[in-house]
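*Asks:* In order, the protein sequence lines correspond to chains A and B.
Residues 265 to 377, numbered by this note's numbering, are exactly what the first sequence covers, in order.
Residues 69 to 182, numbered by this note's numbering, are exactly what the second sequence covers, in order.
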Amino acid sequence: GNSVTQMEGPVTLSEEAFLTINCTYTATGYPSLFWYVQYPGEGLQLLLKATKADDKGSNKGFEATYRKETTSFHLEKGSVQVSDSAVYFCALTQGGSQGNLIFGKGTKLSVKP
Amino acid sequence: DTAVSQTPKYLVTQMGNDKSIKCEQNLGHDTMYWYKQDSKKFLKIMFSYNNKELIINETVPNRFSPKSPDKAHLNLHINSLELGDSAVYFCASSPNPGGAYEQFFGPGTRLTVL
């Protein structure tokens, strides 16, 4: 079945450090790929998405590129801020009418001043 | 104006009780979902409704019963609560079940079963 594997945290960085959170997927067909973020005590928010191979999603300085050849969707940010501290989830949706998200296990990021 | 709201935010109850969680969205979306987040933050789909019809029913105990009185509401009723039901339950909605659409999540309901 479809699945998502992402690097497990926690990840602790200093402010202005470079961030990479690895995400790979297994899927039949052509899934859409997402990164969601969960700030402490809140629900999930979409951070970025890509719906076809070679698409790059970007938002708030974060980027991820849909790589079909490596089945990957790694999240990157050039310079993290304390306010980026949160749990980050990589996810995919299956094609057709099964639009539910299949999530990775989440990566907790802590950014220290 | 809250897009997806859930009530209650916290729910503490005894084993064996029956409880309900309510969800409402004001986005005009056709599709709504229930997800469960366990203590390790892992999220998994439970149910999905499209236009008030059940389209996803994952392997969950039949003590869990969703109900969608209209497109804007999806409630979750849980009978005979067990310790293992303790989790955070998230409601979400999207314009339709197609996979490319963003899902909008509610703030979650933290259920604690004692």
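Every residue, glycine too, gets a C-beta built ideally from N, C-alpha and C.
Strictly below 8 angstroms CB to CB, what residues from chain B border residue 367(A)?
*Replies:* Against chain B, the beta carbon of residue 367(A) has neighbours under 8 angstroms at 110, 111, 112, listed in chain order.
*Asks:* Around the Cβ of residue 341(A), are there at least 16 other Cβ atoms within 10 angstroms (buried) or fewer (exposed)?
*Replies:* Taking every protein chain shown into account, the CB of residue 341(A) has 16 or more other CB atoms within 10 angstroms, so this residue is buried.
*Asks:* Could you run through the segment 274-293 of chain A and flag, in chain order, every residue whose CB is less than 9 angstroms away from some CB of chain B?
*Replies:* none
*Asks:* What runs of the beta strand (DSSP E), each 3 residues or longer, lie entirely inside the segment 106-146 of chain B?
*Replies:* Qualifying beta strand (DSSP E) stretches, in chain order: 111-118, 121-125, 132-138, 141-146.
*Asks:* Within the 8 angstroms Cβ cut-off, does residue 84(B) reach chain A?
*Replies:* no
*Asks:* What is the DSSP secondary structure of residue 80(B), reduced to helix, strand or coil?
*Replies:* strand
*Asks:* Under 8 angstroms, with one C-beta from each stretch per pair, do the segment 275-293 of chain A and the segment 342-354 of chain A reach the 3-pair mark?
*Replies:* yes
*Asks:* Quick check: what's the CA-CA separation for residue 74(B) versus residue 90(B)?
*Replies:* 6 angstroms
*Asks:* Under the assumption that residue 301(A) contacts residue 354(A) (Cβ atoms under 8 angstroms), give the Cβ distance between them as a whole number of angstroms.
*Replies:* Actually they do not touch by this definition, with Cβ atoms about 11 angstroms apart.
*Asks:* When Cβ atoms are compared, which residues of the segment 309-320 of chain A fall closer than 8 angstroms to chain B?
*Replies:* 309, 310, 313, 315
*Asks:* CB-CB under 6 angstroms to residue 315(A), same chain, minus the five flanking residues each way: which ones, in chain order?
*Replies:* 296
*Asks:* From this set, 374(A), 270(A), 284(A), 351(A), which residue's C-alpha is nearest residue 310(A)'s C-alpha?
*Replies:* 351(A)
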